[in-house]
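J.:
2 protein chains.
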Amino acid sequence: MLDSPMKPVSIGLLGLGTVGCGTVNVLVRNANEITRRAGRAIEIGMAATRDPARDRGCDTSGFELVQDPLEVVESPQVEVVVELIGGEQNAKDLMLRAINNRKHVVTANKALIAVHGNEIFEAAQMKKVMVAFEAAVGGGISIIKTIREGLAGNRIEQIAGIINGTANFVLTGMRDQDRDFAAVLADAQRLGYAEADPSFDIKGIDAAHKLTILAAIAFGIPLQYDKVYTEGIGQLTRDDIKHAGELGYQIKHLGIARRNRDGIEMRVHPTLIPQRRLIANVDGVMNAILVCGDAVGPTIHYGAGAGADPTASAVVADIVDVVRALTTDPENRVPHLAFQPGTLASVDIVAPDEFETAYFLSLTAVDRPGVLADVTRILGDLKISIEAILQKEPPGNDDTVPVIILTQRTRERYMNQAVSKIEALAAITQRVKRIRVEHFND
Amino acid sequence: MLDSPMKPVSIGLLGLGTVGCGTVNVLVRNANEITRRAGRAIEIGMAATRDPARDRGCDTSGFELVQDPLEVVESPQVEVVVELIGGEQNAKDLMLRAINNRKHVVTANKALIAVHGNEIFEAAQMKKVMVAFEAAVGGGISIIKTIREGLAGNRIEQIAGIINGTANFVLTGMRDQDRDFAAVLADAQRLGYAEADPSFDIKGIDAAHKLTILAAIAFGIPLQYDKVYTEGIGQLTRDDIKHAGELGYQIKHLGIARRNRDGIEMRVHPTLIPQRRLIANVDGVMNAILVCGDAVGPTIHYGAGAGADPTASAVVADIVDVVRALTTDPENRVPHLAFQPGTLASVDIVAPDEFETAYFLSLTAVDRPGVLADVTRILGDLKISIEAILQKEPPGNDDTVPVIILTQRTRERYMNQAVSKIEALAAITQRVKRIRVEHFND
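Protein sequence lines correspond, in order, to chains A and V.
Each residue of the first sequence is one higher than the one before, counting from 1 in this note's numbering.
Each residue of the second sequence is one higher than the one before, counting from 1001 in this note's numbering.
1. Tell me whether the beta-carbon of residue 325 of chain A lies closer than 9 Å to the beta-carbon of residue 1037 of chain V.
2. With 16 other CB atoms within 10 Å as the buried threshold, where does residue 452 of chain A fall?
3. State buried or exposed for residue 1393 of chain V, treating a residue as buried only when at least 16 other CB atoms are found within 10 Å of its CB.
4. With three or more C-beta pairs closer than 8 Å as the rule, is the stretch 25-43 of chain A touching the stretch 1147-1162 of chain V?
5. According to DSSP, is residue 46 of chain A helix, strand or coil?
6. Spatial neighbours of residue 1041 of chain V within its chain, please: CB distance less than 6 Å, with the 5 preceding and 5 following residues excluded, ordered by chain position.
7. Residue 1202 of chain V and residue 1167 of chain V - do their beta-carbons sit closer together than 9 Å?
8. Strictly under 9 Å for the Cβ-Cβ distance: is residue 83 of chain A near chain V by that measure?
9. Using a Cβ-Cβ cut-off of 8 Å (strictly less than) and excluding sequence neighbours within five positions of residue 213 of chain A, which residues of its own chain qualify?
10. CB residue 1218 of chain V to CB residue 314 of chain A, shorter than 9 Å?
11. Short of 6 Å in beta carbon distance, which residues of its chain neighbour residue 1241 of chain V, apart from the five on each side in sequence? Order them along the chain.
12. DSSP three-state label for residue 340 of chain A, please.
13. DSSP beta-bridge partners for residue 292 of chain A?
14. Since residue 1375 of chain V and residue 272 of chain A should fall inside the 8 Å C-beta cutoff, what is the C-beta to C-beta distance between them, to a whole number of angstroms?
15. Taking residue 260 of chain A as the query, report the chain V residues whose CB atoms sit under 7 Å from its CB, ordered along the chain.
16. Taking 9 Å as the CB-CB limit, is residue 92 of chain A close to chain V?
17. Does chain A have any CB closer than 9 Å to the CB of residue 1306 of chain V?
18. Just to make sure I have the definition right: I need the residues of chain V whose C-beta is within less than 8 Å of the C-beta of residue 290 of chain A. Which are they?
19. Grab me the residues of residue 81 of chain A's own chain with a C-beta within less than 6 Å of its C-beta, minus the 5 sequence neighbours each way, in chain order.
20. By the criterion of Cβ-Cβ separation under 7 Å, what are the contact partners of residue 98 of chain A in chain V?
21. Taking 9 Å as the cut-off, decide whether the C-beta atoms of residue 268 of chain A and residue 229 of chain A are in contact.
22. Roughly how many angstroms separate the alpha carbons of residue 279 of chain A and residue 162 of chain A, rounded to a whole number?
23. Which residues bound the alpha helix (DSSP H) around residue 95 of chain A?
24. Would a check of beta-carbon distances place residue 1394 of chain V closer than 9 Å to chain A?
25. Is the separation between the beta-carbon of residue 76 of chain A and that of residue 66 of chain A shorter than 9 Å?
26. Compare the C-alpha of residue 1293 of chain V against each of A/246, A/297, A/442, A/119 and name the closest.
27. So, is residue 266 of chain A buried or exposed, given that buried needs 16 or more other C-beta atoms within 10 angstroms?
28. Taking residue 281 of chain A as the query, report the chain V residues whose CB atoms sit under 9 Å from its CB, ordered along the chain.
29. Got a sec: is the Cβ-Cβ distance from residue 1266 of chain V to anything in chain A below 9 Å?
30. Is there a Cβ of chain V sitting closer than 9 Å to that of residue 182 of chain A, yes or no?
31. Name, please, each residue of chain A whose Cβ falls closer than 7 Å to the Cβ of residue 1301 of chain V.
32. Taking 9 Å as the CB-CB cut-off, is residue 10 of chain A touching chain V?
33. Look at the alpha carbon of residue 57 of chain A and the alpha carbon of residue 194 of chain A, and state the distance between them as a whole number of angstroms.
34. Thinking C-alpha only, which one of V/1254, V/1389, V/1126, V/1249 is nearest residue 1361 of chain V?
35. Work out the CA separation of residue 235 of chain A and residue 128 of chain A for me, nearest whole Å.
36. Given that residue 211 of chain A touches chain V, what residues does it touch there, using C-beta distances under 8 Å?
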């Protein structure tokens, strides 16, 4: 570990709802990796919640629970306040008070930043504290960092994003199940993807908050939520979605910000997108943001836009950012290899024999009975399960046929043995070609 | 602009090839936006190139051209050295010399970082300078920053990337044109997507360099290029690609780094991926990297992996990172809204009337001759071109039929006029529904 461990940074949480508990869980679960990255341990000092007695799915035994959020923002021991209570006025008051007390602030509150951000940032500037808000847009996708830093060389031309997972879930459901808006929305509410009062998501208000933030950081303009043109998805029917599909389009609820010759367009509305576009294939609660810069061209940033852990991922990244800035010299802010030198792990690199994948095997076999039985027996003896077999017509120039076999996952050394044995069969006339198969899970 | 303009940062370029010239062009073209973001102007002080007289597609009149790269790394005026000459030994010597002279270094050289990075970073640590290498992986995609900072709260589980555009271009061409490897590779060479000696790309060496870097920053392990298992794409046939397609898979050349129970797998090889996965649909020279973290879940980062401007985008982002660290207090490193306070622009926000989009119109019309002629005349009079018309069968419960019209781009105010006139037609029995259409360009 670190040669000279510094005192941990103490953070104070406002709110222990879904995202608050996710943040506690991620900080505790990944404490070791986070400390190795940040150069300093991060410790939850206290958390404010209306009902401290309620069981909430995270371990609160390691820190003080209080009911009054003011206790957190006034606590001399708290260095970073993490605001996760949502809403506008109360959150704003608490945040300004924290800033006034020279505490750094991390927030996931898009409404607050979109509507009051100009005022909040000015206060932070004066008090020389950081206000970080990566979790406000795109959940776990680090789109704020990407635009503010990763694309800093570009003149940004356009942003278009699926930035509300609830709306995308409803539209995907209407298409896949050929059902009406109201029915799918009811499902979403049952599954916890939509609030009891879903109007923020369904009417596009949440997306407009997020678009306000994206447009400001992309174009270098103030936050101007009141100028976003906003349309929801409540008017869409299953027929609209079907007709769009027949024409080769998907309907997605997009936030779009773009330069045109008159200025900057900011708009949130249902949008037809050609089916072949990657962003048209972002389904369910996932988010994706297309950013086009004059140098980089089109880029897409895809991931979970909501949920306890993905949002916590962004909150913790912001906390690490703050800690890195507080802790190290500017030139060592981010370690070259992400983790502090001296904390790199000596983990075994796996030998190819121990790789685990599925396989595509292409065999050339003499076209006679029994060959397939021999091959499948060899695979079976090595406990390699077969997913599919494709026996092709003979190409015609000799008496051999191509046989394609798709297997399930196995260790590479078993496959090596299988291939040797298959190649030793008299009916197999060429080397077996194998290509690994990965299914992933995006 | 800034209240107290600071002295510009002077950078020195090593190499004025494709990426070097791209970097000059981006720095010059976007000087205003970059200065507003970085808080300080960035100036090219000098550049080293073997043949200063050659015309190279960028304006070199603003800075000194020298032939000996040592002049750049020894120049007292240069604060940041940008290494874009490629290769290993010479680049390494120059970089270590620059570090020794306490200059910060930005590089796009993946071979150098993958093979000699451990040594280079140690030297940089001792001399307290930054070595930035965003452009080394994924071209303009800011994947290094995303993993090192944006996902800093996660235990990373897996990375899988299409990280060599040349190989992806060849595989896409083999599939789309049903042609052999050698023929498509020859095309790629003609088009400038592959080198005269393409072995670095085709044999997977370039991808292995990049994977080495990604694995190190994801898992907190040293750079270990010699432990990457590497297979190229030269053995793949059009039949392999066809058979994979029949089974519902695409073949992509992937770099994969993943934890398994024995340690970490690092491997580069052709891989079958189910067609429905987003990453299976990344075609041509584009790159995409799937990163799975325990908190964030799956994320995908997509963009141009090579080329002058996209690579320059990453190089300039690194330069801005260095300048921000050198220039501002840690807590002001990145301005809240990306651009320095006081440099926010007052740009007009476009009124909805002036939005420009294509439209999907859904009409309900009495099923009689002449209606379509009336509608198309109204659109034509307003210079709104029609892309497609879909006239549906009557649903059967009355004598109306749904008519779907897809238009080309127009200003919203013309569409407003058109819709008013269409709704005034006697044969149109309901409000016209309109949904905007965007084609994008990913």
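Idealized CB from N, CA, C, for every residue including glycine.
Predicted model only: the values in this text are computed from it and were never measured.
T.: In terms of the structure at hand:
1. no
2. There is no way to answer for residue 452 of chain A, as the model of chain A reaches only from 1 to 442.
3. exposed
4. yes
5. strand
6. 1008, 1035, listed in sequence order.
7. Going by beta carbons, residue 1167 of chain V and residue 1202 of chain V fall inside the 9 Å limit.
8. Taking 9 Å as the threshold, the shortest C-beta distance from residue 83 of chain A to chain V does not fall below it.
9. 110, 113, 114, 117, 133, 136, 137, 144, 223
10. no
11. 1174, 1175, 1251
12. Reduced to three states, the DSSP call for residue 340 of chain A is coil.
13. A/158, A/298
14. Actually they do not touch by this definition, with Cβ atoms about 19 Å apart.
15. 1350, 1356
16. no
17. no
18. 1440, 1442
19. 12, 73, 98, 103, 105
20. Per Cβ cutoff of 7 Å: no residues; residue 98 of chain A is ~14 Å from chain V at best.
21. Taking 9 Å as the Cβ cut-off, residue 268 of chain A and residue 229 of chain A qualify as a contacting pair.
22. 8 Å
23. For residue 95 of chain A, the enclosing alpha helix (DSSP H) has its first and last residue at 89-100.
24. no
25. no
26. When only C-alpha atoms are compared, the closest one is A/442.
27. buried
28. 1276, 1278, 1281
29. Chain A contact via Cβ: present.
30. no
31. 301
32. no
33. Rounded to whole angstroms, residue 57 of chain A to residue 194 of chain A spans 20 Å at the Cα level.
34. V/1389
35. 46 Å
36. Ordered by position in chain V, no residue passes the 8 Å Cβ test against residue 211 of chain A, which lies about 12 Å from the chain.
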